[in-house]
Amino acid sequence: QIQLVQSGPELKKPGESVKISCKASGYTFTDYAVHWVKQAPGEGLRWMGWINTYTGKPTYADDFKGRFVFSLEASATTANVQISNLKNEDTATYFCARYELRRLHNWFAYWGQGTLVTVSS
Amino acid sequence: DIQMTQSPASLSASLGETVTIECRPSEDIYNGLAWYQQKPGKSPQLLIYNANSLHTGVPSRFSGSGSGTQYSLSINSLQSEDVASYFCQQYYNYPYTFGAGTKLELK
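Just so you know, the sequences run in chain order P and Y.
Under the numbering used here, the first sequence has 35 at position 38, and the numbering climbs by one with no breaks.
So the mapping is simple: the numbering used here equals the position in the second sequence, first residue as 1, plus 16.
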């Protein structure tokens, strides 16, 4: 079955970096993009962008340009997001997600379990 | 960007009751709308796509309707396991945007 399994929680200090991974299984990894979604504590969902798993090209939402980098380990069917120069406001749960269908725009039928990143001095 | 206005922010209802949550995009999204349910500490789960199509395995007491700039999610005969937060999301165009959420509690 289709699964997205994310790496474990992280506790970081302001200014540090963190890398979150999302390992996909149960389908051909390069057939579907991986999207990333942020959820700050007690808040709603914010779409961060996506990475084309065939070409490796990332696309970032405006608020996530600069300190956020999407990458792939295609041989390991894993997508990553690295956040540099961490700020308190980066404290959140980060989800990876996949479309149900292979289209430019589609709904998210598959989600990782989420990775909590806590930024605190 | 398309703004998604979701209401109410919170809702208290009794078992067996019917509840409705609304979502209003700032422009026409041509039914490119999904509804998700999220329980504490869990990832969102897809309920409805294309505004009114029920995702596989979702109970039939959930339904979606609407078009243009007005959409709604209804839950008939509320069950205890429906206590959760609900989010709408437009996937008509990038950047994808979500409603602020509705927290559903039992009265």
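Here a beta-carbon is modelled for each residue, glycine too, at the ideal position from N, C-alpha and C.
Quick caveat: nothing in here was measured; it's all calculated off a predicted structure.
Quick check: what's the CA-CA separation for M20 (chain Y) versus Y65 (chain Y)? Residue 20 (chain Y) sits at position 4 when you count from the first residue of the second sequence. Residue 65 (chain Y) sits at position 49 when you count from the first residue of the second sequence. Each residue's alpha carbon lies about 16 Å from the other.
Next on the checklist: Quick check: what's the CA-CA separation for Q3 (chain P) versus Q110 (chain P)?
Outcome noted: Here residue 3 (chain P) refers to the residue found at position 6 of the first sequence. Here residue 110 (chain P) refers to the residue found at position 113 of the first sequence. Between Q3 (chain P) and Q110 (chain P), the C-alpha separation is close to 6 Å.
Are Y112 (chain Y) and Y46 (chain Y) touching if we call contact CB-CB under 8 Å?
The count along the second sequence starts at 1 and reaches residue 112 (chain Y) at position 96. The count along the second sequence starts at 1 and reaches residue 46 (chain Y) at position 30. No, these two residues do not count as a Cβ contact at 8 Å.
Going by C-alpha to C-alpha distance, which of P:R43, P:S18, P:L1, P:T115 sits closest to T25 (chain P)?
On the first sequence, position 28 is the one that residue 25 (chain P) refers to. Of P:R43, P:S18, P:L1, P:T115, the smallest CA-CA separation from T25 (chain P) is found for P:L1.
(request) Mind checking the stretch 39 to 63 of chain Y against chain P and listing, in chain order, the residues whose C-beta falls within less than 9 Å of any C-beta there? (result) Taking 9 Å as the Cβ-Cβ cut-off against chain P, the residues of the stretch 39 to 63 of chain Y that qualify are G48, L49, A50, Y52, Q54, G57, K58, S59, P60, Q61, L62.
Q. Cβ of Q79 (chain P) less than 8 Å from any chain Y Cβ?
A. Here the question's residue 79 (chain P) lines up with position 82 in the first sequence. Q79 (chain P) does not count as touching chain Y.
Next on the checklist: Let me see if you follow: with CB-CB separation under 8 Å, is A67 (chain Y) close to chain P or not?
Outcome noted: If you number the second sequence from 1, residue 67 (chain Y) lands on position 51. No, A67 (chain Y) lies away from the interface with chain P (no Cβ there is under 8 Å from its Cβ).
Using a Cβ-Cβ distance under 8 Å, would A58 (chain P) count as near chain Y? If you number the first sequence from 1, residue 58 (chain P) lands on position 61. For A58 (chain P), the answer is yes, since a Cβ of chain Y falls inside 8 Å of its Cβ.
Check your understanding: Closer than 8 Å, CB to CB, is N49 (chain P) near chain Y or not?
Key -> Position 52 of the first sequence, counted from the first residue, corresponds to residue 49 (chain P). Using a Cβ-Cβ cut-off of 8 Å, N49 (chain P) does not count as an interface residue toward chain Y, since no Cβ of chain Y sits closer than that to its own.
- Message: For the pair the stretch 97 to 112 of chain P and the stretch 42 to 61 of chain Y, tell me if three or more CB-CB distances fall below 8 Å.
- Response: Contact holds: three or more Cβ-Cβ distances are below 8 Å.
Worksheet item: Tell me, which residues are paired with V135 (chain P) by DSSP?
Response: The question about residue 135 (chain P) has no answer here: the residues shown for chain P are numbered -2 through 118.
Inset, instruction - Taking A116 (chain Y) as the query, report the chain P residues whose CB atoms sit under 7 Å from its CB, ordered along the chain. - result: Stepping through the second sequence from its first residue, residue 116 (chain Y) is reached at position 100. Within 7 Å Cβ-Cβ: G41.
**Prompt:** With burial defined as no fewer than 16 other Cβ atoms inside 10 Å of the residue's Cβ, what is the status of P24 (chain Y): buried or exposed?
**Reply:** As a working note, residue 24 (chain Y) is residue 8 in the second sequence. Counting the other CB atoms within 10 Å of its CB gives P24 (chain Y) a total below 16, which places it among the exposed residues.
Problem - Short CB-CB distance (under 8 Å) between T21 (chain Y) and chain P - result: Within the second sequence, residue 21 (chain Y) is the residue found at index 5, counting from 1. Chain P has no Cβ within less than 8 Å of the Cβ of T21 (chain Y).
request  = Compare the C-beta of T85 (chain Y) against all C-beta atoms of chain P and say whether one is closer than 8 Å.
outcome  = Against the second sequence, residue 85 (chain Y) aligns to sequence position 69. The beta-carbon of T85 (chain Y) is placed no less than 8 Å from the nearest beta-carbon of chain P.
What separation, rounded to the nearest whole angstrom, lies between the Cα atoms of T27 (chain P) and K119 (chain Y)? If you number the first sequence from 1, residue 27 (chain P) lands on position 30. If you number the second sequence from 1, residue 119 (chain Y) lands on position 103. Distance between the alpha carbons of T27 (chain P) and K119 (chain Y) is about 36 Å.
Next item on the list: Please look up how many angstroms separate the CB atoms of Y29 (chain P) and Y96 (chain P), rounded, as I've assumed it's under 8 Å.
Entry: Within the first sequence, numbered from 1, the residue matching residue 29 (chain P) stands at position 32. Within the first sequence, numbered from 1, the residue matching residue 96 (chain P) stands at position 99. The beta-carbon distance between Y29 (chain P) and Y96 (chain P), rounded to whole angstroms, is 6 Å. This is short enough to meet the 8 Å contact definition.
My output table needs one value for T85 (chain Y): the three-state DSSP class, helix, strand or coil. Locating residue 85 (chain Y) in the second sequence gives position 69, where the first residue counts as 1. In the displayed model, T85 (chain Y) falls within coil according to three-state DSSP, outside both helix and strand.
query: If you draw a straight line from the C-alpha of Q22 (chain Y) to the C-alpha of S101 (chain Y), how long is it?
result: Residue numbering aside, residue 22 (chain Y) sits at position 6 when the second sequence is read from its first letter. Residue numbering aside, residue 101 (chain Y) sits at position 85 when the second sequence is read from its first letter. Note on geometry: alpha-carbon atoms of Q22 (chain Y) and S101 (chain Y) lie some 12 Å from one another.
What's the gap between the Cα of F65 (chain P) and the Cα of P75 (chain Y)? Reading the first sequence from its first residue, position 68 is the one you call residue 65 (chain P). Reading the second sequence from its first residue, position 59 is the one you call residue 75 (chain Y). Spanning the two alpha carbons is a distance of roughly 38 Å.
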